[in-house]
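Worksheet: the structure to be examined is printed underneath.
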Amino acid sequence: MRDDEFIPFDSGAGLDSTGVDSTGLDRREFLKLLGGGIFICFSVGGAFPLQEGRRRRGYPEDFNAYLRIGEDGRISCFTGKIEMGQGIFTSLAQMLAEELDISLDRVDMVMGDTLLCPWDGGTFGSRSTKYFGPPLRQAAAEARAVLIQLAAEHLGVPERDLMVENATVKMKTAPNKEVTYAQLAKGKVIERHLESKPTIKHYSTHTVSGRPADRTDGSPKVTGDAKFAGDIRLPGMLYARILRPPAHGAGLKSADTSEAEKIKDIRIFRDGDMIAVLHPHPDAAEEALSLIPAQFEPSPSKLDNTTIFQHLKESASEGNVVTETGSLDEGKRLAVETFEGAYFNHYVAHAPSETHTAVARIEQDQATVWASTQSPFRAQGEVAQVLGLPLEKVRVITPFVGCGFGGKNQGIQIVEAARLAKMSGRPVQVAWTRKEEFFYDTFRPAAVIEIRSGLDRSNRIVFWDYHNYFAGDRSSQPFYAIPHQRVLSMGGWGGRGGGSPHPFGVGAWRGPGSNTNVFAMESHIDVMAAQAGMDPLEFRLLNLTDQRMQRVLKAAADKFGRTFAKAPSGKGYGIACTDYLGTYVATMAEVEVDRQTGRVRAERIVCAQDTGEVINPEGVRMQIEGCLTMGLGYCLTEEIRFKNGRVLDENFDSYEIPRFSWLPRLETVLVDNPEMAPQGCGEPAITAMGAVIANAVFDAAGIRMRVLPMTPRRIMEALST
Amino acid sequence: MEKTFRFRLNGKPIQVSSPPERKLLWVLRTDLNLTGTKHSCGEGFCAACTVLIDGEAVLSCQYPMENVGGRDIMTIEGLGKNGQLHPIQEAFLQHNALQCGYCTPGMILGAYGLLMKNPQPSREQIVEAMEGHLCRCGSYDRIIKAIQTAAHSMRPIS
Chain A
4 MRDDEFIPFD
14 SGAGLDSTGV
24 DSTGLDRREF
34 LKLLGGGIFI
44 CFSVGGAFPL
54 QEGRRRRGYP
64 EDFNAYLRIG
74 EDGRISCFTG
84 KIEMGQGIFT
94 SLAQMLAEEL
104 DISLDRVDMV
114 MGDTLLCPWD
124 GGTFGSRSTK
134 YFGPPLRQAA
144 AEARAVLIQL
154 AAEHLGVPER
164 DLMVENATVK
174 MKTAPNKEVT
184 YAQLAKGKVI
194 ERHLESKPTI
204 KHYSTHTVSG
214 RPADRTDGSP
224 KVTGDAKFAG
234 DIRLPGMLYA
244 RILRPPAHGA
254 GLKSADTSEA
264 EKIKDIRIFR
274 DGDMIAVLHP
284 HPDAAEEALS
294 LIPAQFEPSP
304 SKLDNTTIFQ
314 HLKESASEGN
324 VVTETGSLDE
334 GKRLAVETFE
344 GAYFNHYVAH
354 APSETHTAVA
364 RIEQDQATVW
374 ASTQSPFRAQ
384 GEVAQVLGLP
394 LEKVRVITPF
404 VGCGFGGKNQ
414 GIQIVEAARL
424 AKMSGRPVQV
434 AWTRKEEFFY
444 DTFRPAAVIE
454 IRSGLDRSNR
464 IVFWDYHNYF
474 AGDRSSQPFY
484 AIPHQRVLSM
494 GGWGGRGGGS
504 PHPFGVGAWR
514 GPGSNTNVFA
524 MESHIDVMAA
534 QAGMDPLEFR
544 LLNLTDQRMQ
554 RVLKAAADKF
564 GRTFAKAPSG
574 KGYGIACTDY
584 LGTYVATMAE
594 VEVDRQTGRV
604 RAERIVCAQD
614 TGEVINPEGV
624 RMQIEGCLTM
634 GLGYCLTEEI
644 RFKNGRVLDE
654 NFDSYEIPRF
664 SWLPRLETVL
674 VDNPEMAPQG
684 CGEPAITAMG
694 AVIANAVFDA
704 AGIRMRVLPM
714 TPRRIMEALS
724 T
Chain B
-19 MEKTFRFRLN
-9 GKPIQVSSPP
1 ERKLLWVLRT
11 DLNLTGTKHS
21 CGEGFCAACT
31 VLIDGEAVLS
41 CQYPMENVGG
51 RDIMTIEGLG
61 KNGQLHPIQE
71 AFLQHNALQC
81 GYCTPGMILG
91 AYGLLMKNPQ
101 PSREQIVEAM
111 EGHLCRCGSY
121 DRIIKAIQTA
131 AHSMRPIS
């Protein structure tokens, strides 16, 4: 219950407890399939201790990913991770290229194909570079050592006399005596396991890793060649549209398909509660669906945006202790000033550019699915289950994915496409409409945080009592030096259906848990700083003993170049910092509050981040900028409106996401820390956005916003009280 | 009721049979297999489906086939010439002005439409012209820079 670090594999699918290998191929078949070359097998060790070890037959237990040196001298990396914009297509290739002494443009990434790639738990949690990167590097170093071994045999010289340069092994003393990777790999299928592990390169010698690299997936994305799941075209393919209930929990009573049946070439399928129309044209399928009048039971849910927070509190469990140090009673005794605050955030949608999409084809007893998913292997399990096929008869291929943010871990549309392909005997595409996307999204949960705290005479925080209702645990533990503290969790972020207090699915949303927790914690810190009469930077530095956090805060402050004062100063400066799974973030913002309209405008945001060793500085900056920009949405406008099981926001007309005109001046600082292993960077910077903007609003206008998003209406209400 | 429509598509004359009320987006994506034009919101709120019609950026998810007759339509597939990227595409690469890449074809064609009308737009004019284009990954700042770079490199040499 406590650990919300992993996506819960609650369906059981995708996690194979039978021990059957997910590809079903034995090792020899696998090598044959991929053609000649040299394979190096490597392990991701303890990164997924729960999942590893109960999978796979035909592969050695600990093997998780493979790289190949092809006969053309190009390197292929096979990984079950997927690319959804976060840039690992580039950064993982950089790590590989670095260790193998090969240029980046000669590395090919093969991602998220359950046939070609070894099992992977899914792409989420800013984990790819952090957990997959190190073993990838190690494997590449091993590959290089194998190539040197082979070259030594080929050239008839000892290994110690050889060096590698640009994919060529050369004699140190006679550089014209050389052999290329391509020549070494020619006509060979070789597996080698090294007796001793070679060491990876020291960062100070890097020439590819650690240097800014342009996106290697850029070219196909600017020409329109990049394929997403919805771009797959198969002979005889039909497009499906599915009858949906108007509200969550509303069961189908009756439907009349007689008018829809009159449409030429339409095929209509009914299976349990699912009614689907299939047509060679997606728009004709849409038209057919609109001709089906249907009656539904009312939804049992009686909740809406105004009652949800009360409902969540009433649904709370007794609570688990996430962390506890010292004694709250003792802390309260030491406090000369105490504080109490509650913080709220509403449901937030992922709103990916590409809606959930899948194409399924079943030939004889072999199913192939192209899916927009963050979890291809989980999807493989779900499809096998619904089709009654063994796992090895299902191949999931993941083309480029158009945004994920945690929303594409579930694959309802994948299962729908598979079911319909089976029923129709034809390849079927299911591409959700925007309305379906908003209806079936696993929203970031609405949540409530209550904090009680106290300061002693010297403005040090002496106690911290934190009650978390349904945000999730991540980032709920304070990183300030507080002698007496307790963090209670009264319900986590996951869940759908029974036992969940939410009227619809909720789940991981870019930095799950943390967005809410950092908003609450860092807002509350500001409340105390203001009451103590200190500027918010000074107050934080006083209460921090973590030198890494102090350093990141100072780096941000240097770039920000403004002087904080006791809030509200009228200047509109805000500050927030966090430790997100090992990545440190400090963000500073300058905002304007329009007292006539209630609109908040971010003028400038500075973000300093210490993410350990940086693989691609350009990629990290892109992720930070994306976090700051996207994060403005949940700060200012993004809130799913709902009533009695209905989702009232159905498209971008009412659900407002950030656009060009919102753009503040963005500045990023990468705090140098190459001695630390690479940490994640896809999520950390978004998690401080709620607090930095709320704190800046307080500094600008003297209003403490405790509800996200800070809509014009809420700002006007706060200004009028 | 199907009708025949003749128009130019990516520089070549073409003839398509379609009900007149059908939207251009679906004809491009399904009948003509030009999948670079993306479906995202389906109701004209995001501009991912942008194509050029007679040099002007248009939302193809809202554009009925009955209006295409005689027009000159360009999709992302028609932008590069002879295997060479267009300066706008080059600029998007130079600035890494994309992440997931799903909105990118629409962004590039939106930028093209802008630069046809206003070859040297100010930052404010870029923001105003591109305001209808949504990028969930948050690449807006880089896209603005890419459009500025493209405007510069497309400047006629005088």
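Order-wise, the sequence lines are chains A and B.
Everything in the first sequence is counted per the working numbering, starting at 4 for the first residue and increasing by one.
Everything in the second sequence is counted per the working numbering, starting at -19 for the first residue and increasing by one.
The C-beta atom is built at its ideal place from N, Cα and C for all residues, glycine as well.
Mapping the DSSP letters down to three states, classify residue i as helix, strand or coil.
{"i": "A:Tyr346", "result": "strand"}
{"i": "B:Lys(-8)", "result": "strand"}
{"i": "A:Cys610", "result": "strand"}
{"i": "A:Gln550", "result": "helix"}
{"i": "A:His527", "result": "helix"}
{"i": "A:Gly693", "result": "helix"}
{"i": "A:Gly577", "result": "strand"}
{"i": "A:Arg565", "result": "coil"}
{"i": "A:Leu95", "result": "helix"}
{"i": "A:Trp512", "result": "coil"}
{"i": "A:Ser20", "result": "Note that A:Ser20 scores a pLDDT of 27, beneath 50, so its modelled location is shaky and nothing firm can be said."}
{"i": "A:His157", "result": "helix"}
{"i": "A:Asn647", "result": "coil"}
{"i": "A:Arg71", "result": "strand"}
{"i": "A:Phe663", "result": "helix"}
{"i": "A:Ala592", "result": "strand"}
{"i": "A:Tyr483", "result": "coil"}
{"i": "B:Tyr92", "result": "helix"}
For residue i, which option in the options has the closest C-alpha, if you only look at C-alpha atoms?
{"i": "A:Phe81", "options": "A:Asp75, A:Met87, A:Leu99 and A:Gly88", "result": "A:Leu99"}
{"i": "A:Asp702", "options": "A:Glu439, A:Ala568, A:Leu545 and A:Leu139", "result": "A:Ala568"}
{"i": "A:Glu333", "options": "A:Met679, A:Ile608, A:Ser129 and A:Gln488", "result": "A:Gln488"}
{"i": "A:Arg607", "options": "A:Glu156, A:Pro620, A:Leu635 and A:Gly275", "result": "A:Leu635"}
{"i": "A:Pro285", "options": "B:Val7, B:Cys21, B:Leu32 and B:Ile123", "result": "B:Val7"}
{"i": "A:Gln298", "options": "A:Leu337, A:Pro248 and A:Ser427", "result": "A:Pro248"}
{"i": "B:Ser20", "options": "A:Trp435, A:Pro303, A:Thr210 and A:Asn323", "result": "A:Trp435"}
{"i": "A:Ser572", "options": "A:Ala691, A:Leu711 and A:Glu593", "result": "A:Glu593"}
{"i": "B:Pro(-1)", "options": "B:Ala37, B:Cys26, B:Lys(-17) and B:Gly86", "result": "B:Lys(-17)"}
{"i": "A:Gly622", "options": "A:Arg270, A:Ser79, A:Leu95 and A:Leu119", "result": "A:Leu95"}
{"i": "A:Thr581", "options": "A:Gly601, A:Ser526, A:Asp538 and A:Met625", "result": "A:Ser526"}
{"i": "B:Leu39", "options": "B:Gln105, B:Ala27, B:Ile(-6) and B:Gly50", "result": "B:Ala27"}
{"i": "B:His75", "options": "A:Ala605, A:Lys84, A:Gly221 and A:Asn179", "result": "A:Gly221"}
{"i": "A:Ile91", "options": "A:Ser129, A:Val182 and A:Leu118", "result": "A:Ser129"}
{"i": "A:Val433", "options": "A:Ser427, A:Phe442, A:Leu423 and A:Phe441", "result": "A:Leu423"}
{"i": "B:Arg116", "options": "A:Ile696, A:Ala680 and A:Glu641", "result": "A:Glu641"}
{"i": "A:Gln367", "options": "A:Thr226, A:Val397, A:Ala352 and A:Ile245", "result": "A:Val397"}
{"i": "A:Asp164", "options": "A:Met174, A:Ala229 and A:Leu158", "result": "A:Met174"}
{"i": "A:Asn654", "options": "B:Asn(-10), B:Phe25, B:Arg(-14) and B:Lys18", "result": "B:Phe25"}
{"i": "B:Glu46", "options": "B:Phe(-15), B:Ser133 and B:Arg122", "result": "B:Phe(-15)"}
For residue i versus residue j, is the C-beta spacing smaller than 8 angstroms?
{"i": "A:Arg429", "j": "A:Met277", "result": "no"}
{"i": "A:Ser456", "j": "A:Met552", "result": "no"}
{"i": "A:Asp656", "j": "A:Arg644", "result": "no"}
{"i": "A:Ser79", "j": "A:Asn169", "result": "no"}
{"i": "B:Cys41", "j": "B:Leu14", "result": "no"}
{"i": "A:Phe507", "j": "A:Phe446", "result": "yes"}
{"i": "B:Ala131", "j": "B:Pro99", "result": "yes"}
{"i": "B:Arg2", "j": "B:Ile(-6)", "result": "no"}
{"i": "A:Ala355", "j": "A:Gly414", "result": "For clarity, residue 355 of chain A is Pro in the given sequence; the question names Ala instead. No, the pair does not count as a contact, with Cβ atoms beyond the cut-off."}
{"i": "A:Ala188", "j": "A:Leu70", "result": "no"}
Pull up the CB-CB distance for residue i and residue j, whole angstroms please, since I reckon it's below 8 angstroms.
{"i": "A:Ala185", "j": "A:Gly76", "result": "3 angstroms"}
{"i": "A:Val603", "j": "A:Val700", "result": "6 angstroms"}
{"i": "A:Ala533", "j": "A:Ala559", "result": "At roughly 20 angstroms, the Cβ-Cβ gap does not stay under 8 angstroms, so A:Ala533 and A:Ala559 are not in contact."}
{"i": "A:Ala484", "j": "A:Ile452", "result": "At roughly 21 angstroms, the Cβ-Cβ gap does not stay under 8 angstroms, so A:Ala484 and A:Ile452 are not in contact."}
{"i": "A:Pro620", "j": "B:Gly118", "result": "Contact flag wrong, Cβ pair sits at about 18 angstroms."}
{"i": "A:Gly136", "j": "A:Ile618", "result": "7 angstroms"}
Measuring from the CB of residue i, is there a heavy atom of the ligand PLP at a distance below 7 angstroms?
{"i": "B:Ser40", "result": "Inclusion of the ligand PLP in the displayed structure is not the case, the ligand content being empty and no account of it being possible."}
Secondary structure, beta strand (DSSP E): runs of 3+ residues fully inside the segment 372 to 434 of chain A: 397 to 400 and 431 to 434
Runs of alpha helix (DSSP H) wholly within the segment 214 to 268 of chain A (minimum 4 residues, chain order): 221 to 226
Those runs of the alpha helix (DSSP H) which lie wholly inside the segment 261 to 335 of chain A and span at least 4 residues: 285 to 293 and 311 to 317
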